[in-house]
Every structure is written in structure tokens, then in C-alpha cells.
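Using my numbering, you'd call the opening residue of the sequence shown number 200 and step up by one each time.
Glycine is no exception: its CB is placed at the ideal position from the N, C-alpha and C atoms.
One structure below.
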Amino acid sequence: MTTETNFRDTDLEKGPTRPSFEEAVDITSHDRSPPSVTRLVHSVSVDGEYVHLGDCIYRKSELANAFAGELNPGIHQKRPSNLANPVPLGLASFSYCCLVLSLLNAQVRGVTNAKVIISASLFFGGCIELFAGLLCYPIGNTYAMTVFGSFGGFWISYGCILTDQFGIVSSYEDDPQMLANALGFFLTGWTVFTFLMLMCTLKSTWGLFLLLFFLDLTFLMLTIGTFIGNENVSIAGGYFGILSSMCGFYSLYSGVADPTNSYFPVRSYFMPNAPTV
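Shown next as C-alpha cells:
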């Protein structure tokens, strides 16, 4: 098998289809005409945010973006430089609401009335997270758009269930078991959706993977607890939700903190076979 690879057939943005850096990669001229002369890259090194390919220097973001700050398990097109990254905003709104609701579900300090979450659920977790998801569209981040847009809808719909003016809970007051079954169906759908999104993080970062892993366990415990009417199972779901929110806060911080704005930046830890530079 030859070690020479035509650069025009090698797209570093495609992730798994690109050759490894142990293989030689041809570098051609920048014009669109077929290359007449090629030279092999015999040395590759990483220096902070820069990657050295022979005598050429690139930013990591120019080659690949696969870290928790982008919330994208795969390598995707680099966003335009004049657009801010909306992903930390989505992580902030999700992590905050998940933490508060999970503390309520876990009945920490004896609090069992969850009505306090309505305002945050409708506005911060709902509208702001949905807005963050829509802002992921122009930067080409399909995964973040799907996750944030969907969970923004979850928070809005959950807030509507708790709001008395919608009359959802009161319509079941004559049959509490039917209410439990209906809420169980509601949570089952989110358990399935979260599991599918979890399967898309197996080559991402540990922070993002654990966020969705604990979140799926949260939905699963809440679903079972709602169906069988077991308060202890629902409380366990609350504690899993707290762990999920902690992972979300970690991913949020790792996506915005760097040596230019903080003395305490943290790094994102990649999972095995994650497509990184």
C-alpha cells in the first residue's frame, strides 16, 4: 500500500475518511489546476493551538473541531469567524434548569413543590435554549441545533404541564392513575430521544457523553417511578440529574475558559477513537 495520497481526495473535515497523521500526506499548490509537483509531509507536531505540518502552521480549529465547547461529536465545517459560538449559552440554560429540577426531584431539604421551576423552565431553559439551538444553524452545527432545540421544547412543554392555567394536571384529577400513565408516556419519549443523542457522543468528549448518559438515566428513573408510583425511584432520578447538570457545567466551562480570560482553564478529555487533530 503506497504512502502517497492525493491532497484533493483527502478532506480533513470528513473525519474518519482522512488518513492518519502517521501516513504521508501530499501538499499541493493552492490553485485549482491539477498539481504538477507534490511534496511529502515528514513531520507533524502540535504546539498549543497550532499544528505544524512540515513547514506549514495551522490552527487546530482550521483542521478539526471535535470538543465539548462545540457540542459536536464529529468534525464539522469551521464556523465563520464573525459569528460567536452559541453552544455555551445552550449548555448554561440546560445545566441550570436541570440542576434546579433535579434538586426538586431529589427532594433536597424537603422541598416537594416544583412550581418554582416554571419561570426558569419557560424562559431560561425553554426560550433561551431554543434560541441557542436556532443559532447553531448558521454555524453548521446540526447536532447542537437538534439537541438544544429539542430540549428547549422539553422545558417549555414541562413548564406548561406545571402551569395551572393550562389545565393539564387538573383534567386528570378524577383519575390520578391515568395522570401517572400519561406523564410516564411523556417521559418515555424523552428517554428514547436522549438515548439516541447519547449514541451520537461515543466519539466525542467524556463530559458530553456523561452529560447525556446521566440524563438518560434520569429520564429512565423518572419514567419508572411515575409508572409504578415509587417515590424512591423518582428521587434516584433526581440525583442522576444532578450529575448530568454537573457534567454540563464542566463542558460549558471548558468551552469558554482559556488562558486569555481565566487563570483556571480546564481541558476536554476525548473518548477513545474521537476524531481529533
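Bridge-paired residues (DSSP) for residue i
| i | result |
| --- | --- |
| residue 311 | Beta-bridge pairing links residue 311 to no other residue. |
| residue 418 | DSSP output for residue 418 lists no bridge partner at all. |
| residue 246 | 249 |
| residue 256 | 251 |
| residue 469 | 404 |
Cut-off 7 Å between Cβ atoms - residues of its own chain near residue i, not counting five sequence neighbours on either side
| i | result |
| --- | --- |
| residue 231 | Interpretation of residue 231 is limited by its pLDDT of 48, a score under 50 that renders its predicted location unreliable; the figure taken from the coordinates is listed afterwards. For residue 231, where only same-chain residues beyond five positions count, there are no Cβ hits under 7 Å. |
| residue 350 | 293, 328 |
| residue 325 | 351, 354, 355, 358 |
| residue 310 | 303 |
Cβ-Cβ separation, residue j to residue i (assumed contact under 8 Å), whole Å
| i | j | result |
| --- | --- | --- |
| residue 292 | residue 328 | 4 Å |
| residue 305 | residue 437 | 3 Å |
| residue 469 | residue 439 | No, residue 469 and residue 439 are not in contact; Cβ-Cβ is about 24 Å, not under 8 Å. |
| residue 323 | residue 342 | Rounded, the Cβ-Cβ distance is 22 Å, inconsistent with contact. |
Beta-carbon contacts of residue i that lie in its chain and below 8 Å, excluding the five residues immediately before and after
| i | result |
| --- | --- |
| residue 463 | 456 |
| residue 472 | 402 |
| residue 411 | 393, 396, 397, 400, 443 |
Same chain only: Cβ atoms within 6 Å of residue i, ignoring 5 sequence neighbours per side
| i | result |
| --- | --- |
| residue 441 | 301 |
| residue 360 | 367 |
| residue 377 | 371 |
| residue 446 | 406, 409, 410 |
| residue 460 | none |
| residue 347 | 289, 328, 331, 332 |
Note down, one range per segment and in chain order, each beta strand (DSSP E) of at least 3 residues found wholly within the segment 312-362.
none
May I ask you to verify whether the segment 402-420 touches the segment 374-382, counting CB pairs closer than 8 Å and requiring at least 3?
no
Taking one C-beta from the segment 444-458 and one from the segment 308-325 each time, how about it: are there three or more such pairs within less than 8 Å?
no
Entirely enclosed alpha helix (DSSP H) segments - the segment 368-444, minimum 4 residues
375-398, 405-427
For the segment 385-398 against the segment 414-433, are there 3 or more C-beta pairs whose distance is under 8 Å?
yes
Could you say if the segment 281-290 and the segment 332-340 meet the contact criterion of at least three C-beta pairs nearer than 8 Å?
yes
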